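In terms of my numbering, the sequence shown opens at residue 6 and continues consecutively. For glycine and all other residues, C-beta sits at the position ideal for the given N, C-alpha and C. A quick note: this is a predicted structure, and the numbers were derived from the prediction, not measured. Each remark here refers to the structure printed beneath this line.
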Amino acid sequence: MVLCLEDAWFKYDEYVLKGASICVKEGELVILLGPMGSGKSTLLYALTNLIPLERGRVTIDGKEFREEDRRKVGIVFQDPEDQFFNATVFDEIAYSLRALGFDETTVKEKVEAIASELGIERLLNKNPFKLSYGQKKLVALASVMVYEPKYLLADEPTSNLDKFSYKKVMELITKKGALVATHEVEWIPLASKVYVIKDGKVQEIEDVIQALKENRLPVPIPTSWEILFETLGLERALELLRERAYKAIAIKTQTKPPKRPAGGLR
Ligand SMILES: Nc1ncnc2c1ncn2[C@@H]1O[C@H](COP(=O)(O)OP(=O)(O)OP(=O)(O)O)[C@@H](O)[C@H]1O
Ligand SMILES: [Mg+2]
């Protein structure tokens, strides 16, 4: 199962997507990097068929995206308030389940299960608009993950979270697979593919470390390694590290931390 955006062209006042193409396989974790304003969010809207493309198309398994495919693709917006329109967190998370016709007992079970996974059980009776920004991010994520769309598109899912929630969200999304638009390089070691959006086009980054250095971004720090080991188990994690050519860095981190890129920001 694969969701693709093919040769997408889109403009607001100016063109943001100029022949952008990207595919996400079900269950795969794919990272989309790019500077502010480069079009990451726009690309996610395009993949969800939320904006009219001037040219190009969205496909699932090679077939044109149809209205009935909408439930297969879940988007978590960058600004959580864009997601909300219910009076309580419970109703917000329950909304899609109810729309999909689940009975109230199942709705309650599923809402409580995802709330517990994300540590937001105590927020269920609150007004979603009156939460802290980090809490809103978690509720927005829960409201999409709860109905288990085949493809999850998450826009900056770990921004403004404390360390506990940050790790939890990374773990959950990594297990599920998703297209994650982010500025946080900690996602990189967890991903099977890393893309960057540049001049309206999407390019795959083969040598991530080199690209980070060239863009004066910090090399991922050990939290990612920790999550990688916890999520996949030591053996698979090590295998993946070898496959992805992180071995050189792994050896370095055993003796000393990775070198900061010259003139690096952090
Ligand atoms: N509703 C809109 N109307 C007009 N221009 C817009 C609109 N939304 C976004 N843009 C412009 O489109 C470009 C791409 O925006 P987009 O939000 O997709 O970037 P981004 O990569 O997600 O940025 P960030 O990293 O800040 O989230 C920007 O130049 C932005 O100003
Ligand atoms: Mg954005």
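Open item on the list: Using only the alpha-carbon positions, how far apart do residue 8 and residue 159 sit?
Closed with: A direct Cα-Cα distance of roughly 14 Å separates residue 8 from residue 159.
TODO: Express the C-alpha separation of residue 124 and residue 257 in angstroms, rounding to a whole number.
DONE: Because the pLDDT of residue 257 is 49, which lies under 50, any placement of that residue in the model is unreliable, and the number read from its coordinates should be weighed accordingly. The alpha-carbon atoms of residue 257 and residue 124 are separated by roughly 35 Å.
- [ ] Measure the C-alpha to C-alpha separation of residue 93 and residue 237 and round it to an integer number of angstroms.
- [x] Their backbone Cα atoms lie some 35 Å apart in a straight line.
TODO: Can you have a look at residue 161 and say buried or exposed, based on whether 16 or more other CB atoms are within 10 angstroms of its CB?
DONE: When all chains shown are included, residue 161 counts as buried.
Task: N-terminal and C-terminal residue of the beta strand (DSSP E) that residue 11 is part of - done: Taken as a continuous stretch (DSSP letters only), the beta strand (DSSP E) holding residue 11 covers 7–16.
- [ ] Grab the span of the beta strand (DSSP E) containing residue 209 for me, first residue to last.
- [x] 206–209 is the extent of the beta strand (DSSP E) around residue 209.
Task: From 144, 114 and 192, residue whose alpha carbon lies closest to that of residue 87 - done: Among 144, 114 and 192, the Cα nearest to that of residue 87 is on 144.
Open item on the list: I'd like the list of long-range same chain contacts for residue 46, defined as Cβ closer than 7 Å, with 5 residues on each side in sequence excluded.
Closed with: Beyond the five residues adjoining it in sequence on each side, residue 46 comes within less than 7 Å, by CB distance, of 83, 160 and 186 in the same chain, given in chain order.
Task: Burial state of residue 271 (16 or more Cβ within 10 Å) - done: Any reading at residue 271 must be qualified, since the residue scores a pLDDT of 41, below 50, and its modelled position is unreliable; the value itself is stated next. Result: exposed.
Task: Coarse secondary structure for residue 166, derived from DSSP in three states - done: Residue 166 falls in the coil class under three-state DSSP.
- [ ] Give a yes or no on contact between the stretch 119–135 and the stretch 71–78, applying the rule of three or more CB pairs nearer than 8 Å.
- [x] Too few Cβ pairs lie closer than 8 Å, so no.
Open item on the list: Rounded to the nearest angstrom, what separates residue 22 and residue 10 at their Cα positions?
Closed with: Whole-angstrom Cα-Cα distance: 11 Å.
TODO: Indicate whether the contact test is met: 3 or more Cβ pairs, each with one atom in the stretch 126–143 and one in the stretch 177–197, closer than 8 Å.
DONE: Touching, no.
Task: Integer-rounded CB distance, given that residue 201 should sit under 8 Å from residue 214 - done: With a Cβ gap of about 14 Å, residue 214 and residue 201 do not count as contacting.
Open item on the list: Please tell me whether residue 34 and residue 197 are closer than 7 Å, where the distance is taken between their beta carbons.
Closed with: For the 7 Å CB-CB criterion, residue 34 and residue 197 form a contact.
- [ ] Determine the DSSP secondary structure at residue 103, reduced to helix, strand or coil.
- [x] In this structure, residue 103 counts as helix in the three-state DSSP scheme.
- [ ] Can you grab the Cα-Cα spacing for the pair residue 232 / residue 172, in whole Å?
- [x] Taking the straight line joining both Cα atoms gives about 7 Å.
- [ ] For ligand 1, list every residue whose C-beta falls under 6 Å from any of its heavy atoms, going in chain order.
- [x] Residues flagged by the Cβ proximity filter: 17, 18, 21, 39, 41, 42, 43, 44, 45, 46, 47 and 83.
TODO: Would you list the residues sitting across from residue 79 in a DSSP beta bridge?
DONE: 157.
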